[in-house]
Each structure stands twice: as structure tokens, then as C-alpha cells.
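What follows is a short report on a single structure.
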DNA sequence: ATTTATCCTACCTTGTCAATAGGAAAAGCG
DNA sequence: CGCTTTTCCTATTGACAAGGTAGGATAAAT
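Take a look at the structure:
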């Protein structure tokens, strides 16, 4: 399915910041952009959104940069996705009444698939994502 | 998350056809469009795609219309989605090497969420979708 | 021959994604 | 103070896809 680069870049940036936060360092837009290979002007907007969602703290000027607001272990992936991509975890819009089978199908399939995503991203934290780098091997924990 | 109307309309149309197929009737574009409240010219294109994917059989002219190619119990939802919305169940595209954490994050989160969808829609059939109208109450059967 | 249906292709309008650009504001440093 | 470095914020743009609309060609039944 389709994922926005914004979500992808944002998660990578957050992970990057988290790693540097552990050492008490701040990360600047330029640094992150270079490490993660992202346009730094585009990344600027993404970091702005993450700050407005209270996921990161910014300081301006020399020696400025970004650090995490909370430890990575309490940041849920769904928080990040919600901040960056309003539609990816959003409820499917209600549908007018007189529409045959459509309403039922939507509330059956769509909501289920949606719920599966939400359940998964609600439980997974940024720390887990970073720690393993690869996929967590807890297959079977999350259930539709 | 975002689902295309094409997939929504297509599933509703297929369900509609399935119901009428059971009684040996064919359903025409116009009839389906009215029952499901869809633009019939748009639906035409959708039914064309479903036919090209061998999900339905069409007959032209008077007394023409559409019927299912196979019983609804062997049509998997993933077949329908694949026929109508090439991206919804598609693998996430590979990413260039030198890209920091992005590659790992993508292959972790993205692929998992994607796999969850696929697993779910691979197991569910059109018949189940119709039969229950509401959600199947087999929560817990499908696992990420 | 005429009606009724599918078949097929082209087109159009609107919105969103992914950037790019450029400047304002603040923080540190000499 | 003045300069640099950083974040902050808004506007704009190009490309592309979604969601239709339109119109004619083709085939089957009566």
C-alpha cells in the first residue's frame, strides 16, 4: 500500500534524533538530512510538524537543534504517524445511508484493516523500532 | 487510512452480482449502479476491470449483463483488491542503499503493516463478506 | 433494423504529494 | 553591537493520480 515519504522521513529523523539524544547531543536539520539522505528543506517542515505535535523539542541559534521530548520508549509509532500523515490511521469516513451494500462492506473490511494498523502502531514504540533495526520477532502478539 | 472508491464500488458491485447470480439472474451495469448508488459510467470501467481479471463473466446485448465466474466462496478479497487498486496490497518499493535508518524502518514497519493487510484479505472470501454483512466475528484468527 | 447492452479510449477537473524558495526571528559568540 | 547559525513559517510549483464524464464501436436479442 501507499505510504508517504513524509511518514518515512519523519520516522527516520525521529530515530536519528533519539540516538543522538541518548548521548545528550542535539541534532540539527542539516545533520539529519545528510545522514538520512533527505532534502533538508523538506525535512525542516517535517521537524516543524513533529515539534508542534510535542514529540521533539527545538532550540534555535548556534548550538541549537532538536532533541526528544520524551524517551523513545514511550513514543508510540501511531503518535508519529498521526502527526505526519493525517489520513493513514484515520477512521474511514461515514457513508450516506441509501447506498446498498456499500455501507456494510466499508464498515466490515475497511474498519477492520484500519483497526489492524492502529492496533499495531499503538503498541509499538520508537525504542522498539530503533533497537531492533530489523523487525521485532514477536509475531503473533498483535491480532486483528 | 485511504481507500479508493474504485475498490469500494467494485466490491459492492461484486457482492451485488453474487447475490443475483445465486438466483441465476444477470445484473446489468445500470441496475447495479442504481442499487448501489454509483455513477453507471464509472461503474462500467470498474466492471470492465473485474471482467478482465476473470472475476465476472459478461454477456452483451438484450438480456445481457454480468454474473460471477466462480462461486463467491472461492473469490478472495485480495483478488478483487488487486484487480481494482494496484497499490493497496502492493509491496513497498525497494529503497536505495545509502539512506541511513530509512531502509530498516521501511522493511520493518511498512512491510509488516502491508503483510497484515494481505494476510487478512487473502483469507477472507466474498461469500463471507456478503453472508455476514456485518463484520465476521472471528476476531483473533488473523495474526500479524 | 432497432433496441439494449457491453466494450473501449480519451479527456478533464480537482486535490495531494514532494519538494523548492526565501525570508523572519531568536540564540550564541566575537 | 553585529555576525553567524540555527529554527520558524508561508507561499509556490510541478507532477501525478483519483474520480469521474463523454461518446462512439461492437455484439446480441427481438
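Protein chains in written order, with our numbering: chain A, 1 to 144; chain B, 1001 to 1144. Just so it is clear, CB atoms sit at the ideal spot from N, CA and C, and this is done for glycine as well. Just so it is clear, the structure is predicted and the values come from calculations on it, not from any experiment.
query	result
Rounded to the nearest angstrom, what separates residue 1020 of chain B and residue 42 of chain A at their Cα positions?	52 Å
Rank B:1006, B:1101, B:1109 by C-alpha distance to the C-alpha of residue 38 of chain A and give the top, closest one.	B:1101
Of all Cβ atoms in chain B, is any one closer than 9 Å to the Cβ of residue 82 of chain A?	no
Is residue 1060 of chain B near the ligand ADP, with its Cβ less than 8 Å from a heavy atom?	Ligands are entirely absent from the displayed structure, and the ligand ADP is therefore not among its contents.
Give the single residue among A:9, A:67, A:53 whose Cα lies nearest to the Cα of residue 27 of chain A.	A:67
Less than 9 Å between the beta carbons of residue 1148 of chain B and residue 1078 of chain B, yes or no?	Since the first and last residues shown for chain B are 1001 and 1144, residue 1148 of chain B lies out of range.
Using beta carbons (cut-off 9 Å, strictly below), is residue 68 of chain A in contact with chain B?	no
Helix, strand or coil for residue 1064 of chain B per DSSP?	coil
Along chain B, in chain order, which residues have C-beta atoms closer than 8 Å to that of residue 22 of chain A?	By Cβ distance, chain B contributes nothing, its closest Cβ being about 14 Å from residue 22 of chain A, past 8 Å.
Count the CB pairs spanning the segment 8–25 of chain A and the segment 88–95 of chain A that are closer than 8 Å, and state whether there are at least three.	no
Taking the C-alpha atoms as reference points, what is the distance between residue 1082 of chain B and residue 1125 of chain B?	14 Å
Who are the near neighbours of residue 1030 of chain B in its chain, counting only those whose CB is closer than 7 Å to its CB and skipping five residues on each side?	1040
If we call anything under 9 Å between Cβ atoms a contact, is residue 1055 of chain B one with residue 1014 of chain B?	yes
Let me make sure I understand the geometry here. Which of B:1007, B:1001, B:1002 has the alpha-carbon closest to that of residue 105 of chain A?	B:1007
Based on Cα-Cα distance, which residue from B:1018, B:1036, B:1016, B:1004 lies nearest to residue 96 of chain A?	B:1036
What residue does the alpha helix (DSSP H) around residue 1058 of chain B start on, and which one ends it?	First-last for residue 1058 of chain B: 1056–1059, but that is the beta strand (DSSP E), not the alpha helix (DSSP H).
May I ask which residues mark the beginning and end of the alpha helix (DSSP H) holding residue 1050 of chain B?	1040–1052
In angstroms with no decimal places, state the Cα-to-Cα distance between residue 1005 of chain B and residue 57 of chain A.	40 Å
Starting from residue 27 of chain A, follow its DSSP beta bridges and name the residues at the other end.	A:66
Going along chain A in order, which residues have a C-beta closer than 8 Å to the C-beta of residue 1016 of chain B?	100, 101
From which residue to which residue does the alpha helix (DSSP H) around residue 1131 of chain B run?	1126–1132
Considering only the beta carbon of each residue, do residue 1011 of chain B and residue 1109 of chain B sit closer than 9 Å?	no
Residues of chain A with a CB under 7 Å from the CB of residue 1011 of chain B: which are they?	105
Are the CB atoms of residue 1002 of chain B and residue 2 of chain A nearer to each other than 9 Å?	yes
Excluding sequence positions up to five away, which residues of its chain have a Cβ less than 8 Å from the Cβ of residue 1017 of chain B?	1027, 1032, 1056, 1066, 1067, 1068
Give me the Cα-Cα distance between residue 76 of chain A and residue 70 of chain A, rounded to the nearest whole angstrom.	11 Å
For residue 1063 of chain B, which residues from the same chain have a beta carbon less than 8 Å from its beta carbon, with the 5 sequence-adjacent residues on both sides left out?	1026
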